[in-house]
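Reviewing the structure listed below.
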Amino acid sequence: MMTPMLQRTAMRFVTALMVVLTIGPMSSAGADGWPQGPGPESNFRRRDAKAPTLWSAVRNENIRWRKTLPETGQSSVVTWVDRIFFTTMQPVTRDATLGQNIVGWCCDADTGETVWKRTVTADHPLQLSGCFSDSSSPSPVTDGSTVVFFNASGSIAAFDFDGNPIWQRFVMPVGRTQPTIVDGTVLFIRQTYLPDDHGHFTHDHADAPVDQWTQVQAIDLQTGADAWKSSCGANMGCVPLLLDRSDGRRVLVVGRGGGHSPPEKPEGVSMIDATDGKTLWTLELPGFMSTMTYSQFGDDVLVFHADKHLWVDAVTGKVKREVSIMENVPVRAHVDGQWVDRRESLDTESVSRAIIQQSNLLVGKYHYFRSYTQPWIGRVNCASGDVEYLQLPVQSMPGVDRARDTWLWDPSGMDPALVQQLLASGRKRNKQLPITQWAFAPNDMLNSQGFRVAGDNRSEGNGWGHHASAIPTVVGDALYVSTMAGTVYVIDWNAEALTESAIKAINDLGVPGQSWNRASITASRGRLYAHTIHEILCIDAPMKTISPHP
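Mature numbering (1 follows the signal peptide of the UniProt record, and there is no 0) puts the sequence shown at residues -31 to -1, 1 to 519.
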């Protein structure tokens, strides 16, 4: 008779064999697992699964287990059968702004207990708990026998499932890369130029030669050896997803252009072959802000550029269609406690972005995103071209039960003293509080030990406006949209109309001001996993019939 340990070992062997025999995205990986940041299908979606939609970390509602962590961390939780993997920063002993070493964790998926943990060292400190990334941001990847951890301070290390080291390389994965396994290789975005002594990426590299450009890099999963590297250049904040063209070619779309004077040119997008990195076409888009996910609808690549949504032919790279997402758009708005329909046109002159960085995701025929300047979630119907917006509360305040939860819609719901304090402390003397600071309480950026671990005060923001969002995820008919302040919106992504009835729930990952996070929600075996500055949460409960509507 098999012991429980032998049973788990046997199951891991069987599921690893399934991946070896599977060609294509890791749809069978880890028996309904989430083996890499973008998920088993490499697109942040798992439409054939189900997971909880209602929970509260504050009330310990529908929480299977919670694991207090010694230090801040940003990676999403990846899973394989009975194991989960994630990264945190190496613990500090006092307040700190910079860090360079991370800890890779392997824990029991059923209990959260630590199986093993390993330190992955690197040489180039970055700001802790950055609102765009830090050293711990890239998620691990696993094929069921090997797990690879990525340290954005300049190191990649592979271990077997018992924690034995296999290989390590000292190269720079960018903080916002989403490593993906493709045919025995791991694809990630690799940087050549380095941060300064304060953990900043300066404007000094604007004219760097091609050999110093950031590129997509493929390495062998088992050895760490280079397999290939792109040549067209990729911005450190773009998020290419694995795509399959109608001609059967497996591809990625990368973007160039953004803040901090990146050297890669021309601004715009390129399609590359996911098996060898060769450039298939390039579309120039002057002034392009490339920090988004890149998906494909039918034969079209989807791109947000300035105030427009573009449909780009996946074979030729030519723009086929465009619609404005800012001019005369319909908004389902919450005004004075009532829902109203109205049309609005947003300022297209004073802002260079229309969407929050990395907030977009395609599911079905809908391309979802969050507005850069307004508390709105939007979607483009990629079949019809219709644009819709729905106002969301920027933050949730959990009550003693769900019926007593409250939501913050605008600064009028804040403590007036806090509003004045934030206005007085801002670098710019604003007359009105910027959307990034609308909150019941700013993020205190304290780890579980009580030390402040942040190098960028913008991390105190609410997860709206200027920052890099956690990428949304889809499980079944639910779209999970999380903010940096620990509020998670659960949206019926296939709702006929984007109105308040599309809101399945508004949940929390902890007390406002104390649940900072940048990790995407991930799913495995009917459970959800979340990673905050304090803890890992395993959310696991049957569906309940509770009206969550604000």
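From the three backbone atoms N, C-alpha and C, an ideal C-beta is built for every residue, glycine too.
message = Quick check: what's the CA-CA separation for alanine 510 versus aspartate 79?
response = Inter-residue distance for alanine 510 and aspartate 79 is about 13 Å (C-alpha atoms, whole angstroms).
task = Please classify proline -7: is it buried, with 16 or more other beta-carbons within 10 angstroms of its beta-carbon, or exposed?
result = Low confidence applies to proline -7: its pLDDT is 46, below 50, so where it sits in the model is not reliable, and the reading given next is rough at best. With 16 or more other Cβ atoms from the protein chains shown falling within 10 Å of its own Cβ, proline -7 counts as buried.
inquiry  = Tell me the rounded alpha-carbon separation between leucine 361 and tryptophan 378.
reply    = Cα to Cα, leucine 361 sits roughly 7 Å from tryptophan 378.
ask   = Which of the three DSSP states, helix, strand or coil, is assigned to histidine 172?
value = The DSSP-derived three-state label of histidine 172 is helix.
request  = Would you identify the three-state DSSP class for glutamate 504, choosing helix, strand or coil?
outcome  = In the structure shown, glutamate 504 sits in a strand (DSSP, three-state: E or B).
inquiry  = Rounding to the nearest angstrom, what Cα-Cα distance links leucine 359 and glycine 347 in this structure?
reply    = Spanning the two alpha carbons is a distance of roughly 6 Å.
request  = Check whether the Cβ atoms of glutamine 483 and isoleucine 502 lie closer than 9 Å to each other.
outcome  = Contact flag set, yes.
inquiry  = So, for aspartate 446: in the same chain, excluding its five sequence neighbours on each side, which residues have a beta-carbon less than 7 Å away from its beta-carbon?
reply    = The beta carbon of aspartate 446 sits closer than 7 Å to those of Asp461, Trp462, Asn463, all from its chain and outside the five residues before and after it, given in chain order.
task = Please list the segments of the alpha helix (DSSP H) lying wholly inside the region 352 to 420, counting only runs of 4 or more residues, in order along the chain.
result = Annotation note: the region 352 to 420 contains the following uninterrupted alpha helix (DSSP H) runs of length 4 or greater, listed N- to C-terminal: 385 to 394.
Limits of the beta strand (DSSP E) - the one that phenylalanine 128 falls within = 124 to 129 is the span of the beta strand (DSSP E), which, as asked, contains phenylalanine 128.
query = Does the beta-carbon distance from glycine 224 to threonine 192 come in below 9 Å?
reply = No, the Cβ-Cβ distance between glycine 224 and threonine 192 is not below 9 Å.
ask   = On the three-state DSSP scale, how would you describe alanine -3?
value = Residue placement at alanine -3 is poorly supported in this model, since its pLDDT is 45, which falls under 50; the coordinates are not used for a value here.
query = From what residue to what residue does the beta strand (DSSP E) around glutamate 253 run?
reply = Note, glutamate 253: beta strand (DSSP E), 248 to 253.
query = Helix, strand or coil: how does DSSP classify glutamine 59 here?
reply = Residue state, collapsed to three classes: coil.
request  = Tell me, please, which residues DSSP counts as bridged to phenylalanine 101.
outcome  = In DSSP, phenylalanine 101 forms no bridge with anything.
query = Leaving out five residues before and five after proline 411 in sequence, what residues of the same chain have Cβ atoms less than 7 Å from its Cβ?
reply = These residues qualify, in order along the chain: Glu429, Gly482.
ask   = Quick one: Cα of proline 403 to Cα of glycine 432, how far?
value = Cα-Cα distance, rounded: 12 Å.
query = Per DSSP, what kind of secondary structure is valine 320 in: helix, strand or coil?
reply = The three-state secondary structure of valine 320, taken from DSSP, is coil.
ask   = What's the gap between the Cα of alanine -1 and the Cα of threonine 154?
value = Unreliable positioning characterises alanine -1 in this predicted model, as indicated by a pLDDT of 49, which lies under 50. A coordinate reading is not provided.
key: Three-state secondary structure (DSSP) of aspartate 180   = In the three-state scheme derived from DSSP, where H, G and I count as helix and E and B as strand, aspartate 180 is classed as helix.
Meets three-Cβ-pair contact criterion under 8 Å: the region 174 to 186 and the region 195 to 208 = Yes, the region 174 to 186 is in contact with the region 195 to 208.
ask   = Is asparagine 426 helix, strand or coil when you go by DSSP?
value = Looking at asparagine 426 - three-state DSSP - the assignment turns out to be helix.
query = Where does serine 264 sit, in a helix, a strand or coil, going by DSSP?
reply = DSSP places serine 264 within a strand segment (E or B) once states are collapsed to three.
inquiry  = By the DSSP assignment, the beta strand (DSSP E) with glycine 224 in it spans what residues?
reply    = Segment 219 to 225, the beta strand (DSSP E) holding glycine 224.
Span of the beta strand (DSSP E), counted from its first residue to its last, around proline 134 = Here the beta strand (DSSP E) through proline 134 covers 134 to 138.
Beta strand (DSSP E) segments (min. 3 residues) lying fully within the region 436 to 493 = Qualifying beta strand (DSSP E) stretches, in chain order: 442 to 444, 447 to 451, 456 to 461, 472 to 477, 491 to 493.
ask   = Which residues share a DSSP beta bridge with valine 281?
value = Per DSSP, Val270, Val288.
task = Express the C-alpha separation of arginine 28 and tryptophan 376 in angstroms, rounding to a whole number.
result = Cα to Cα, the separation comes out at about 16 Å.
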